[in-house]
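K.L.:
Below you'll find the structure I mean.
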Amino acid sequence: MTLSLNKTLLAAALALTATATQAATELTVYTALEADQLKAYAKAFESANPDVKIRWVRDSTGIITARLLAEKENPQADAILGVAATSLLVLKNQQMLEPYKPNGVETLSTQFVDKDEVPSWVGMNAWVASICYNRIEAEKHGLPMPTSWQDLTKPVYQGHLVMPNPNSSGTGYLDVSSWLQTFGEEGGWAFMDSLHQNIDRYTHSGSKPCKMAAAGETPIGISFAYRGAKLINKGAPIDLGFPSEGLGWDMEAAAIVKGTAKLAAARKLMDWAVTREANTLYNDNFAVVAMPGVAKPVPNYPADIADRMIDNDFEWAATNRARILKEWQQRYDGKSEAKN
Amino acid sequence: MPATLSLTSSPRALNTETWLQRLIVAGGLCFLLAALLMPLLTMLVKSLQNAAGEFAGLSNFIEYFSNPALTRSILNSLNIAFWTTVIVVSTAFVFAYALTRSGMVAKRGFRLLSMLPLFAPSLLPALSMIYLFGNQGILRDWLPVDSIYGPVGIVMGLSFWAFPHALMILITAFSNSDARLYEAARSMKTPSWRVFLTVTLPSVRYGLINTIFVIFTLTITDFGVAKVIGGQYNVLATDIYKQVVGQQNFQMGAVVSVILLLPALISFAVERRVQRQQSAQLSSRAVPMTPQKSPLRDALLALFCALVCGFLLLVIGMAVYASFITFWPYNMALSFNNYRFDMMDGGGWASYFNSLQMSAWTAFIGTAIVFLIAYMSEKIKPMPLARRLLQLLAMLPMAVPGIVLGLAYIFFFNHPQNPFNAIYGTMFILVLNTLVHFYTVCHLTAVTSLKQIDSEFEAVSASLKVPFYTTLRRVTLPLALPSVLDISVYLFVNAMTTVSAVVFLYSSETTLASVAVMHMDEAGDIAPAAAMAVLLMLTSLVAKGLHWLISHQILQRTQRWRQR
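See below:
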């Protein structure tokens, strides 16, 4: 008697969950985008796909990548939207991504799409290295605005620079990998050796150096343009510097996690991520987006920012990531501040 | 034949009861094995594996020790722990002496103020240090070193945070003194410095040793302060975080965890030994001592205590003030902008409500579990071996740093073959982890109060054929109610403020306020981070206030028997 009652209850419960799933598939999407961007993206996607509901899992690039790798044997995410391409390449090399060719992917610049026949990831927008320069603090210390990366190694800047630690920050890694590509492997390390003499400290996140510059904790922070532009809007006394040798960059990208039970819904997300509508949304925050001809100038960014970006070899940056980070750590991490 | 009737029925009744007791003991044992020992063992195994999960022997350890950047952190951690212990223990020693042995004024006030750091997340003093001594800090010029970001900042922040922990133990140590020894010394006209060396110091020596080890363990395993104010000065706890979060190098994270576990385990073992010796120290004929007045000494001690409390208030006040500043240091207008958490990293206001929920669950479920297990290990007879093991396991969490426990939980609970896999990423795993992390102190509190209750109650109940659960409900629980309330508020406050254990375990639906503080600081939003830390401290204080009100009420009603 009780047994049959239990069975009926169970059946009813199953039926309930089944209808709930039919009503809207809940898609777990891992992301490193900013909190305020997520609302706009989810709203646009869900109004185009009412049968799918996005459940965001948001954290910084390093943490989200760590999380995905930790969950390799038991993936919790269905899809990824807005995580650094170099991180996605690491996941791809670990066979953790489900290749899929989104409808309309050919409208994107080839630079923004995985080179494989059926791409494992597609790019959304680029984010670009820049220098945040606090006018008030710089004047106090008599520091001119640096115009090139090499400028930053001058003795006058000693102890006045802050940059992100590439081991935790996607921005930090794009700086390091771009210097190694621009100056060559040997020249790049030599540049970083002398830069290290001037660095006050390495931060965990890529935004922090710019926020520190905005708060006057440091006169100059090596960060990325989006953060700097936002802080200028908030009234911070900073200017953005774009060094002449060229700017390192990485892109926010999207992918499907291999083994997801919600493949159809995940594909819909990928299809949406390459639309013109999505690219227009990316452009609200970023000056360079995957679809050519969409981007309008963003306040506080130079108009020609796309031309200042280096010709970034993502494959190289991803395959050498572990080696570069280890080398970097051995050279610069753990060295306590020379001054103490 | 009533006699035979009772003879045949009583063994059966006893049997059911014994079985229930056995079941609970076994359940408690399984709980601590699954929630503590097995995750730690999984981590130990992980430290011996390569990235692909194959057995790699000691190669991870060899790699660790051949990297000077990493091994340097061991020395850094020891250095921090050493200096913090010296500063905190010596300050707390004088402070505790002043509170217990002097005729100083305003003792109650000093004591209340000195407990304030217990309610703040450890990140709060670190954030305050930035506003006090950072490059834009208001007391920047007072700083004798170049930069607050580094060992000086860590030691200052940790000193603030660890102070009440040291003070509590030392106050207890000073309170257990025998006035007869001082009378004897006085009658022999012993000079006061000699009394101090030959009577006072020996009488508190166990408490002192205990304090040194507790503070050393607390500070060598701390994560929050070093994370915020450490700058380029790496310590073991932040290394674990960097290895796991920054480099996705879980094996190396496990290696550093094992290394961090060592000093903690050693000091834990020493502390246990000391504790055992201390119990025999005070004889039943001891006479409690009443402090004598001595104007000059008392005035100096009051000045000292005022300075210490002034520092504590300065640190807290700075965080509160900075949290209302619109844009430090360029727009010093006051506003609530920094409390708009939904505009920041870390999960916004939802994190705060998650924290409330998590803390409430931990306090509620945790207190029940702790008390039941403590009761079983103290008050019942069957399964002596299992109960011994239970007691041992209950002491272990004190030696396990939060960040190590958190990492161990990832390894153990996210394993696909783990039947408890489903709790990964839920509120439940946070509650479980927090409970285990703070288990030992709760267990000790429960055991101490249970020991005070005469075991005759159980014996009498048994002879009257009252089942043990009725005795527990009608007699033991009401008697031990004050300590039950203590446990629940301790769990609540610690669940609100802890960072280290849960930093690897939250999911997007279960972001926590304390972790949000760290993330906002990581992203450079220092003022909002301070705002959230202040909010957490306020919430903990409100909880403590409620606790005081409730226990005051209940004490009046249920503990009247104590005031005979």
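Just so you know, the protein sequences line up as chains A and W, in that order. Mapped onto this note's numbering, the consecutive letters of the first sequence carry residue numbers 1 to 340. Mapped onto this note's numbering, the consecutive letters of the second sequence carry residue numbers 341 to 904. Note that the Cβ used here is the ideal one computed from N, Cα and C, for glycine as well.
(1) At least one CB of chain A closer than 8 Å to the CB of W/Tyr692: is that the case?
(2) Grab me the residues of A/Glu137's own chain with a C-beta within less than 7 Å of its C-beta, minus the 5 sequence neighbours each way, in chain order.
(3) Among A/Glu117, A/Met270, A/Tyr30, which residue has its Cα nearest to the Cα of A/Val83?
(4) Report yes or no: do three or more beta-carbon pairs, one from the region 591-603 of chain W and one from the region 382-391 of chain W, lie closer than 8 Å?
(5) Return the first residue and the last residue of the alpha helix (DSSP H) that W/Val660 is part of.
(6) Could one say the Cβ of W/Trp689 lies closer than 8 Å to chain A's Cβ atoms, at least one of them?
(7) Write down every uninterrupted run of the alpha helix (DSSP H) in the region 344-406 of chain W whose length is 4 residues or greater and which is fully enclosed by it, in chain order.
(8) Would you kindly report the start and end of the unbroken alpha helix (DSSP H) that includes W/Ser499?
(9) Go ahead and pull the three-state DSSP assignment for W/Arg625.
(10) Is it the case that the region 95-111 of chain A contacts the region 232-245 of chain A, given that we only count it when at least three CB pairs across the two stretches are under 8 Å?
(11) With three or more beta-carbon pairs closer than 8 Å as the criterion, would you say the region 755-768 of chain W touches the region 677-691 of chain W?
(12) Look at the Cβ atom of W/Val842, then the Cβ atom of W/Leu770, and state whether they are nearer than 8 Å.
(13) Secondary structure at A/Gly246, three-state DSSP: helix, strand or coil?
(14) Leaving out five residues before and five after W/Val585 in sequence, what residues of the same chain have Cβ atoms less than 7 Å from its Cβ?
(15) With distances taken Cα to Cα, identify the nearest neighbour of A/Ala40 among A/Asn279, A/Thr171, A/Thr147.
(16) When the cut-off is 8 Å and only beta carbons count, does W/Ile750 lie next to chain A?
(17) Determine the chain W residues that contact A/Thr201 at a beta-carbon separation under 7 Å, and present them in chain order.
(18) Between the region 861-878 of chain W and the region 805-812 of chain W, are three or more C-beta pairs nearer than 8 Å?
(19) At what residues does the alpha helix (DSSP H) containing A/Val52 begin and finish?
(20) Does the beta-carbon of A/Asp271 have 16 or more other beta-carbons within 10 angstroms, so that it is buried, or is it exposed?
(21) Quick one, are the C-beta atoms of W/Ile580 and W/Val596 less than 8 Å apart?
(22) Quick check on DSSP: helix, strand or coil for A/Trp127?
(23) In chain order, what residues of the region 572-605 of chain W put their CB closer than 8 Å to some CB of chain A?
(24) Thinking C-beta only, is W/Thr707 closer than 8 Å to W/Ile827?
(25) For W/Ile569 versus W/Ser417, is the C-beta spacing smaller than 8 Å?
(26) Using a Cβ cut-off of 8 Å, which residues of the region 656-671 of chain W contact any Cβ in chain A, in chain order?
(27) Checking contacts by CB at 8 Å: is W/Gln615 closer than that to chain A?
(28) Return the residue from the list A/Asp307, A/Leu33, A/Ala35, A/Ala42 that minimises the CA-CA distance to A/Leu269.
(29) Less than 8 Å between C-beta atoms, sequence neighbours within five positions excluded: which residues of the same chain meet that for A/Trp328?
(30) Using a Cβ-Cβ distance cut-off of 8 Å, determine whether A/His196 contacts chain W.
(31) Please classify W/Ala524 as buried or exposed, where buried requires at least 16 neighbouring CB atoms within 10 angstroms.
(32) At a CB distance below 7 Å, what residues from the region 463-477 of chain W approach chain A? Give them in sequence order.
(33) Given that a residue counts as buried once 16 or more other Cβ atoms are within 10 Å of its Cβ, and exposed if not, what is W/Lys791?
(34) Taking just the CA atoms, how far does W/His783 sit from W/Val855?
(35) In angstroms with no decimal places, state the Cα-to-Cα distance between W/Leu772 and W/Ala375.
(36) Could you tell me the alpha carbon to alpha carbon distance between W/Ile632 and W/Thr538, rounded to whole angstroms?
P.N.:
The answer reads as follows:
(1) Not flagged as an interface residue toward chain A: W/Tyr692, since no C-beta distance is shorter than 8 Å.
(2) Same-chain partners within the cutoff: Gly216, Pro219.
(3) When each option's Cα is compared against that of A/Val83, the closest is A/Tyr30.
(4) Note that the region 591-603 of chain W touches the region 382-391 of chain W; at least 3 beta-carbon pairs, one per stretch, sit closer than 8 Å.
(5) That run of the alpha helix (DSSP H) goes 635-663.
(6) W/Trp689 has a beta carbon lying at 8 Å or more from every beta carbon in chain A.
(7) Counting only runs of 4 or more, we get 378-386, 399-405.
(8) That run of the alpha helix (DSSP H) goes 491-515.
(9) Coil, per DSSP.
(10) Verdict: no, contact absent.
(11) Using a Cβ-Cβ distance cut-off of 8 Å, the region 755-768 of chain W and the region 677-691 of chain W are not in contact, since fewer than three pairs of beta carbons, one from each stretch, lie closer than that value.
(12) Contact flag set, yes.
(13) In the structure shown, A/Gly246 sits in coil (DSSP, three-state: anything other than H, G, I, E or B).
(14) Excluding residues within five positions, none has a Cβ falling inside 7 Å.
(15) Checking every option, the nearest Cα to that of A/Ala40 belongs to A/Asn279.
(16) Yes, contact with chain A.
(17) First, the amino acid is wrong: residue 201 of chain A is Arg here, not Thr. Within chain W, the residues Tyr489, Gly571, Gln572 have their CB atoms less than 7 Å from the CB of A/Arg201, given in chain order.
(18) In the pairwise beta carbon analysis, the region 861-878 of chain W is classified as not touching the region 805-812 of chain W: fewer than three pairs are separated by under 8 Å.
(19) From DSSP, A/Val52 is part of no alpha helix (DSSP H) but of the beta strand (DSSP E) over 52-58.
(20) In summary, A/Asp271 is buried, with 16 or more beta-carbon neighbours lying within 10 Å of its beta-carbon over all protein chains present.
(21) Yes, the Cβ-Cβ distance between W/Ile580 and W/Val596 is below 8 Å.
(22) In the structure shown, A/Trp127 sits in a strand (DSSP, three-state: E or B).
(23) Among the residues of the region 572-605 of chain W, those with a Cβ less than 8 Å away from any Cβ of chain A are Gln572, Tyr573, Asn574, Lys582, Val584, Val585, Gly586, Gln587, Gln588, Phe590, in the order of the chain.
(24) Closer than 8 Å, so yes.
(25) Not in contact: W/Ile569 and W/Ser417 (Cβ atoms no closer than 8 Å).
(26) So the list reads Phe667, Trp668, Pro669, Tyr670, Asn671, given in the order they occur along the chain.
(27) With 8 Å as the cut-off, W/Gln615 does not count as an interface residue toward chain A.
(28) Of the listed residues, the one whose Cα sits closest to A/Leu269 is A/Ala42.
(29) Result list for A/Trp328: Pro166, Asn167, Val176, Met192, in chain order.
(30) By this cut-off, A/His196 is not an interface position.
(31) Counting the other CB atoms within 10 Å of its CB gives W/Ala524 a total below 16, which places it among the exposed residues.
(32) Going along the region 463-477 of chain W in chain order, one finds Gly474, Asn475, Gln476 with a Cβ nearer than 7 Å to chain A.
(33) Its Cβ having fewer than 16 others within 10 Å, W/Lys791 is exposed.
(34) If you take the alpha carbons of W/Val855 and W/His783, they lie about 26 Å apart.
(35) A straight-line Cα-Cα distance of about 7 Å links W/Leu772 and W/Ala375.
(36) Here the sequence assigns Gln to residue 632 of chain W, which means Ile is not the residue at that position. If you take the alpha carbons of W/Gln632 and W/Thr538, they lie about 19 Å apart.
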